[in-house]
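What follows is one structure encoded as structure tokens, with my remarks underneath.
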Amino acid sequence: MTHQVRAVVARGKGAPVSLETIVVPDPGPGEALVKIEACGVCHTDLHYREGGINDDFPFLLGHEAAGVVESVGEGVTDVAPGDFVILNWRAVCGQCRACLRGRPWYCFSTHNAKQKMTLTDGTELSPALGIGAFAEKTLVAAGQCTKVDRTASAAAAGLLGCGVMAGIGAAINTGNVGRGDSVAVIGCGGVGAAAIAGSNLAGAAKVIAVDIDDRKLETARKLGATHTVNSRDADAVEAIRELTGGFGADVVIEAVGRPETYQQAFYARDLAGTVVLVGVPTPEMKLELPLLDVFGRGGALKSSWYGDCLPSRDFPMLIDLYLQGRLDLDAFVTETIALDEVEKAFERMHHGDVLRSVVVL
Ligand code: APR
Ligand code: ZN
Ligand code: ZN
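1 is the number of the first residue of the sequence shown in the UniProt record's numbering; add one for each residue after it.
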């Protein structure tokens with residue numbers, strides 16, 4: 001059997017997205033069919049539409065989603081129909097060299113659905129990050145579904161599926177932020193704001209938010225930043241050093257993805273401190289640093305891919321903290337929109353006045 005549902009499709013490079021009817025097959029072995037309840041709009045969806053990821057148009061966009069499992073294919077035991085799940089793009093294989101070494105959060109061979117979703121004329125769709133959740137229903141590998149507490153709001157929960165998890169994970173997993181640490185976060189969009197929330201969860205004593213937009217700094221404060229720096233008016237490195245006794249922060253998280261902000265992060269950390277790059281650069285960007293400084297300052301320069309998260313470990317834990325009132329995921333939901341408003345949400349992204357627009361179905 002197949003299902004015909006409405007979905008947001010990017011048909012060609014730079015062209016506005018369109019609402020289309022797509023065909024979703026019943027789940028085969030190892031797959032799950034998920035009825036989507038909410039899906040956040042992420043920069044990566046826009047990058048797909050602009051042809052910045054690859055040329056496999058048409059794309060089925062959307063990948064920060066939560067919903068309910070409708071049916072599962074043969075051999076699926078981890079999730080069952082009726083489960084409330086967050087979709088992830090790290091369904092670990094258990095067999096690659098990372099998994100075998102007990103480091104599944106680096107899995108090099110993650111799973112997606114084997115069957116293709118199509119347009120009604122049979123054209124195969126490429127789902128964004130192997131998910132494709134700006135749709136009433138989508139087909140994924142069962143391992144892409146992580147069951148969490150049903151009482152969580154779907155709009156808030158879905159955000160853990162990508163950007164918010166990337167930010168929280170950059171702090172708690174990659175950066176290893178601990179009790180009493182000083183942390184600086186450069187760039188306080190959805191990802192950076194989540195890094196601030198994550199640093200707080202981890203017990204950081206000082207959390208310095210840096211952005212060029214005062215609106216973002218205000219949200220950063222709500223999420224637990226103890227200090228804010230507008231780096232249009234002030235030198236970010238000097239300001240962070242001043243706020244940390246002249247030394248720099250133990251962990252600096254770069255959530256912009258540009259050479260100049262990376263350089264700030266590099267020099268704004270204390271000796272033997274850690275830099276975490278979670279912002280995503282573009283292919284033409286280059287970084288130049290005195291190698292002697294890289295050596296002499298010691299410490300660790302790390303990058304954080306999806307917050308080095310393990311969905312089965314991190315999603316249920318973070319949803320529990322959310323339901324206990326210790327992690328304000330609702331603060332990331334700036335607006336809820338309908339399926340046919342994704343294009344408008346892309347436009348709003350450029351104005352910088354949203355952390356996340358979330359499609360609610
Ligand atoms: N210095 C400080 N902050 C900056 C600078 C700068 N030079 N340039 C931009 N910013 C701020 C913006 O004002 C904004 O608040 O960085 C933030 C970026 O946030 P968003 O555009 O909302 O992006 P976000 O979803 O947080 O993602 C951040 O991670 O996933 C990647 O592609 C994404 O590279 C992007 C990054
Ligand atoms: Zn693996
Ligand atoms: Zn994303």
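Every residue gets a Cβ at the ideal spot worked out from N, C-alpha and C, and that includes glycine. Note that the structure is a prediction, hence the values are computed from the model and not measured.
Item to complete: Note down, in chain order, each residue of its chain lying with its Cβ closer than 6 angstroms to the Cβ of S199, except the 5 sequence neighbours on either side.
Response: A171, V177, V183 and V207
Practice prompt. Determine the extent of the beta strand (DSSP E) in which E64 is found, giving its start and end residues.
Written response: E64 to V72
Worksheet entry | A38 (DSSP reduced to helix, strand or coil) | strand
Item to complete: Return the CA-CA distance between A249 and A98, expressed in angstroms with no decimal places.
Response: Roughly 31 angstroms between the two C-alpha positions.
Item to complete: Pick helix, strand or coil for K13, following the three-state DSSP scheme.
Response: coil
Discussion item. Contact defined as beta carbons within less than 8 angstroms: I believe I168 pairs with T261. What is the distance between those atoms, to the nearest angstrom?
Written reply: Incorrect: roughly 20 angstroms between the Cβ atoms, too far for contact.
Worksheet entry | Proximity winner among W89, G73 and H47, relative to C309 (alpha-carbon distances) | When each option's Cα is compared against that of C309, the closest is W89.
Worksheet item: In terms of residue numbering, what span does the alpha helix (DSSP H) encompassing K147 cover?
Response: It is not in any alpha helix (DSSP H) - K147 instead sits in the beta strand (DSSP E) that spans C145 to K147.
Discussion item. Can you tell me whether C162 sits near ligand 3, meaning its C-beta is under 6 angstroms from at least one heavy atom of the ligand?
Written reply: Yes, the beta carbon of C162 sits closer than 6 angstroms to at least one heavy atom of ligand 3.
Worksheet item: The beta strand (DSSP E) spanning V207 covers which residue range?
Response: For V207, the enclosing beta strand (DSSP E) has its first and last residue at K206 to D211.
Worksheet item: Taking the alpha-carbon positions, what's the D202 to G52 distance?
Response: According to the sequence provided, residue 202 is Ala. The question's Asp does not apply to it. Distance between the alpha carbons of A202 and G52: 35 angstroms.
Worksheet item: Taking the runs of the alpha helix (DSSP H) that are 4 residues or longer, which of them lie wholly in the region 157-186?
Response: 163-169
Worksheet item: Using the C-alpha atoms, what's the distance from A209 back to residue 362?
Response: Any answer about residue 362 is impossible in this case: the structure gives the chain only from 1 up to 361.
Discussion item. Please tell me whether, using a cut-off of 6 angstroms, the distance from the CB of C188 to the nearest non-hydrogen atom of ligand 5 is below it.
Written reply: Although ligand 5 was asked about, the structure shown includes only ligand 1, ligand 2 and ligand 3 as ligands.
Worksheet entry | Through-space distance from A65 to K116, alpha-carbon basis | 19 angstroms
Practice prompt. Out of C93, G30, C39 and E20, point me to the one whose CA is closest to V72's CA.
Written response: G30
Discussion item. Within 8 angstroms, do at least three Cβ pairs link the region 283-299 to the region 117-134?
Written reply: no
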